[in-house]
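**Student:** Take a look at this one; I'll ask things after.
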Amino acid sequence: MLVNKSSIVIIFGRELASIYYDDMQFEVRFIPSRHVVKLQQRALDLVEKYKLWPVLFPVSADAGQLERYPIKIDRFFDENISQNPQQQIAINNIVSGISRPCPYIIYGPPGTGKTVTMTEAIKQVVTLLPNSCILACAVSNSATDILALKLVEFEPKIKILRMYALYFDPNKIPQKIFFSSNFSEEDNNYFYPSPEELETYDVIICTVTTAGRLTSECLLGHFTHIFIDEAGFCMESELIVAIAGNLDLSKTQLVLAGDPKQLGPVIRSPFAKEYKLNISLLERIMSNFQLYKRESDQEFNQKVITKLIKNYRSHPDILKVVSDLFYDNELQACADIAKVSKFCKWNVLPKTGFPLLIHSVVGKEQREGNSPSYFNPEEACVVLRYIEKLYEYGASPQDIGVITPYCKQVQKINILLQKHKMKRVKVDSVEKFLGDERMIIIISTVRSNPDNAADDYKKCMLGFISNEKRLNVAISRPKALLIIIGNIHCLRTDALWDRLITYYIYNFHLISLNTDWSKQPKIFHAIIQ
1 MLVNKSSIVI
11 IFGRELASIY
21 YDDMQFEVRF
31 IPSRHVVKLQ
41 QRALDLVEKY
51 KLWPVLFPVS
61 ADAGQLERYP
71 IKIDRFFDEN
81 ISQNPQQQIA
91 INNIVSGISR
101 PCPYIIYGPP
111 GTGKTVTMTE
121 AIKQVVTLLP
131 NSCILACAVS
141 NSATDILALK
151 LVEFEPKIKI
161 LRMYALYFDP
171 NKIPQKIFFS
181 SNFSEEDNNY
191 FYPSPEELET
201 YDVIICTVTT
211 AGRLTSECLL
221 GHFTHIFIDE
231 AGFCMESELI
241 VAIAGNLDLS
251 KTQLVLAGDP
261 KQLGPVIRSP
271 FAKEYKLNIS
281 LLERIMSNFQ
291 LYKRESDQEF
301 NQKVITKLIK
311 NYRSHPDILK
321 VVSDLFYDNE
331 LQACADIAKV
341 SKFCKWNVLP
351 KTGFPLLIHS
361 VVGKEQREGN
371 SPSYFNPEEA
381 CVVLRYIEKL
391 YEYGASPQDI
401 GVITPYCKQV
411 QKINILLQKH
421 KMKRVKVDSV
431 EKFLGDERMI
441 IIISTVRSNP
451 DNAADDYKKC
461 MLGFISNEKR
471 LNVAISRPKA
481 LLIIIGNIHC
491 LRTDALWDRL
501 ITYYIYNFHL
511 ISLNTDWSKQ
521 PKIFHAIIQ
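Residue numbers (the UniProt record's numbering): 1 to 529.
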């Protein structure tokens, strides 16, 4: 199926040719599965039934009502945590149950180790609270598998069930957790344990949607802790599926890990956005409830929320941009400086020692036929040239990621790289890079209209790239080198981009338009075709 701006093209099977005639009319219906929607509706009904208001609408009077566990952690399984006060506070408070029945939030900016913090907390709960039973969830199967992989090798061994939905391709189950999953090699199918069997596991790991099946098994009161990773990326009604019917207000500690300043739920319906379905539970709680806001001394209330500030991913100069723009200049660079300085002496950099540059290209945004998606051949040429020069310097395909907001530009760059035998470089949208990282990130912004007069660039329509959360995700992915390619005159019409570009100019991290790179006749013609 091909989606155009105002039409779609559908390819039918050969059988249709024998009965087709000119002007034949068709009725086409798109029937989505109602299963997930029905789970969400049931979850909302259970919220009313079990009066889960302290979880969804937490206030100071509710926090800390339940008895705390008098526990002090003496040793961390991940030794690096002993050097991170914020992680220690979060883990200690989660284990002691200090916020119950209100949620405890691990506010984790990019690269600060929120998943590490969560898995360490799970290990400590299992070790120090022997009668605990844990449900650990994430939105996607890939994020859920990461949780499982971090827990399956834990010593001493704990009994884990990685529970998949029936439709999940068993060939995609990571080998290390295959025998901890609910897939039976003997039957070549998935199985669901009985309620009695489920109660024998220390930790059950699944997506938030699959967790709705546990509600059907009547396990209310069984789970002492529910952990949800990437909670900022999860639609609120979707997240409620995992907690309504599984969370007991009298005993269960809910832990949400995420970052409200990065991408939220993917919602396309304007009607749904009008009613705030694009706002996650994590973001709604942090934005609307005083209990989770900064106090008068500008600190968060650590009884209910901890902000992680030590970044283990990025070079200090890359991190400074992210920290200044989005995180109140609080993030601290803690990455291995030798590793993240690998490209600081690259001879293409405008300023040696500073692994950032912006290449201004006055290209032209284009669309093919009726396609609604944009591409920019000039920028695609520049992307190719940077990758070639990075290869010459010793970079590998696995080191490089290319982020661009339009699927047509993704397609064009991929075709270009394949023709030059560079197809192993990951080229994708911002959404597909969420939770990912690369040594090098190249961003192609695409939008540009050079026909505008210099004083008329304010009419530029930046579309996707003017979204703050997308920009945050994009520039926080690289470890060692960040390259931005775009028309700076257009980009500077957006206030946030203007701040970013001003930082580049101030630090001399700017390369002007290089016509030899952006307009090479053979490559340029191939892209347009």
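The beta-carbon is built from N, C-alpha and C at its ideal position, and this holds for glycine as well.
DSSP has Phe-76 in a bridge; who is on the other side?
**Tutor:** Within the sequence shown, residue 76 is the residue found at index 76, counting from 1. None, per the DSSP bridge assignment.
**Student:** Once DSSP output is grouped into helix, strand and coil, what is the label at Leu-319?
**Tutor:** Here residue 319 refers to the residue found at position 319 of the sequence shown. Residue state, collapsed to three classes: helix.
**Student:** When you compare each of Gln-366, Glu-295, Glu-230 and Gln-302 to Pro-85 by their alpha carbons, which one comes out closest?
**Tutor:** What you label residue 85 is simply residue 85 of the sequence shown in a count that begins at 1. Out of Gln-366, Glu-295, Glu-230 and Gln-302, Gln-302 has the C-alpha closest to the C-alpha of Pro-85.
**Student:** Among Cys-407, Ile-226 and Phe-26, which one has its Cα closest to the Cα of Leu-135?
**Tutor:** Stepping through the sequence shown from its first residue, residue 135 is reached at position 135. Among Cys-407, Ile-226 and Phe-26, the Cα nearest to that of Leu-135 is on Ile-226.
**Student:** Tell me which residue opens and which closes the beta strand (DSSP E) that Met-439 is part of.
**Tutor:** The count along the sequence shown starts at 1 and reaches residue 439 at position 439. From DSSP, the beta strand (DSSP E) with Met-439 extends over 438-444.
**Student:** On the premise that Leu-500 lies in contact with Ser-360, defined as a C-beta separation below 8 Å, what is that separation, rounded to the nearest angstrom?
**Tutor:** Residue numbering aside, residue 360 sits at position 360 when the sequence shown is read from its first letter. Residue numbering aside, residue 500 sits at position 500 when the sequence shown is read from its first letter. The pair is not a contact, with the Cβ atoms about 13 Å apart (cut-off 8 Å).
**Student:** Roughly how many angstroms separate the alpha carbons of Gly-13 and Val-126, rounded to a whole number?
**Tutor:** As a first step, residue 13 must be located in the sequence shown, where it is residue number 13. As a first step, residue 126 must be located in the sequence shown, where it is residue number 126. So the alpha carbons of these two residues sit roughly 55 Å apart.
**Student:** Just curious, the beta strand (DSSP E) that Lys-426 is in, first and last residue?
**Tutor:** Residue numbering aside, residue 426 sits at position 426 when the sequence shown is read from its first letter. Unbroken beta strand (DSSP E) run through Lys-426: 426-428.
**Student:** DSSP has Asn-189 in a bridge; who is on the other side?
**Tutor:** Taking the first residue of the sequence shown as position 1, residue 189 is located at position 189. BP columns for Asn-189 point to Ser-184.
**Student:** By the 10 Å Cβ neighbour count, where 16 or more other Cβ atoms means buried, how is Ala-454 classified, buried or exposed?
**Tutor:** The residue you call residue 454 lines up with position 454 of the sequence shown. Caution applies to Ala-454, whose pLDDT of 47 falls short of 50 and renders its modelled position unreliable; the value that the coordinates give is listed next. Result: exposed.
**Student:** Can you tell me which of Thr-352, Ala-257 and Lys-251 puts its alpha carbon nearest to the alpha carbon of Leu-239?
**Tutor:** In the sequence shown, residue 239 corresponds to position 239, counting from 1. Residue nearest to Leu-239 within the set Thr-352, Ala-257 and Lys-251 is Ala-257 (criterion: CA-CA distance).
**Student:** Out of curiosity, what's the CA-to-CA distance linking Glu-15 and Asp-22?
**Tutor:** Within the sequence shown, residue 15 is the residue found at index 15, counting from 1. Within the sequence shown, residue 22 is the residue found at index 22, counting from 1. Computed Cα separation, rounded: 16 Å.
**Student:** Are the Cβ atoms of Val-383 and Leu-254 separated by less than 8 Å?
**Tutor:** Start at 1 with the first residue of the sequence shown, and residue 383 comes out as number 383. Start at 1 with the first residue of the sequence shown, and residue 254 comes out as number 254. Taking 8 Å as the Cβ cut-off, Val-383 and Leu-254 do not qualify as a contacting pair.
**Student:** Jot down the residue ranges of each uninterrupted beta strand (DSSP E) in the region 24-55, minimum 3 residues, whole runs only, in chain order.
**Tutor:** none
**Student:** Considering Val-410, what are the terminal residues of the alpha helix (DSSP H) in which it resides?
**Tutor:** Position 410 of the sequence shown, counted from the first residue, corresponds to residue 410. Per DSSP, Val-410 belongs to the alpha helix (DSSP H) from 407-419.
**Student:** How would you call Asp-259, buried or exposed, if buried means at least 16 neighbouring beta carbons within 10 angstroms?
**Tutor:** By 1-based counting over the sequence shown, the position of residue 259 is 259. Counting of Cβ neighbours within 10 angstroms places Asp-259 among the buried residues, the total reaching 16 or more.
**Student:** Let me check one thing: in DSSP terms, what residues is Gly-401 bridge-paired to?
**Tutor:** Here the question's residue 401 lines up with position 401 in the sequence shown. DSSP output for Gly-401 lists Lys-426 and Ile-441 as bridge partner(s).
**Student:** Nearest by alpha-carbon distance to Ser-280: which of Leu-291, Ser-287 and Gly-264 is it?
**Tutor:** Here residue 280 refers to the residue found at position 280 of the sequence shown. Closest option to Ser-280, Cα to Cα, is Gly-264.
**Student:** Going by other Cβ atoms of all chains shown within 10 Å of its Cβ, with 16 needed for buried, is Ala-395 buried or exposed?
**Tutor:** Against the sequence shown, residue 395 aligns to sequence position 395. Under this definition Ala-395 is a buried residue.
**Student:** With 16 other CB atoms within 10 Å as the buried threshold, where does Ala-272 fall?
**Tutor:** By one-based count along the sequence shown, residue 272 stands at place 272. Ala-272 comes out exposed.
**Student:** If you reduce the DSSP assignment to three classes, tell me which class Pro-478 lands in.
**Tutor:** Residue mapping note: residue 478 aligns to position 478 of the sequence shown, counting from 1. Correct three-state label for Pro-478: strand.
**Student:** Where does Leu-510 fall in DSSP's three states?
**Tutor:** Residue 510 sits at position 510 when you count from the first residue of the sequence shown. Residue state, collapsed to three classes: strand.
**Student:** Starting from the Cα of Phe-375, find the closest Cα among Thr-352, Lys-408, Glu-388 and Leu-219 and give me that residue.
**Tutor:** Within the sequence shown, the letter at position 375 stands for residue 375. Of the listed residues, the one whose Cα sits closest to Phe-375 is Lys-408.
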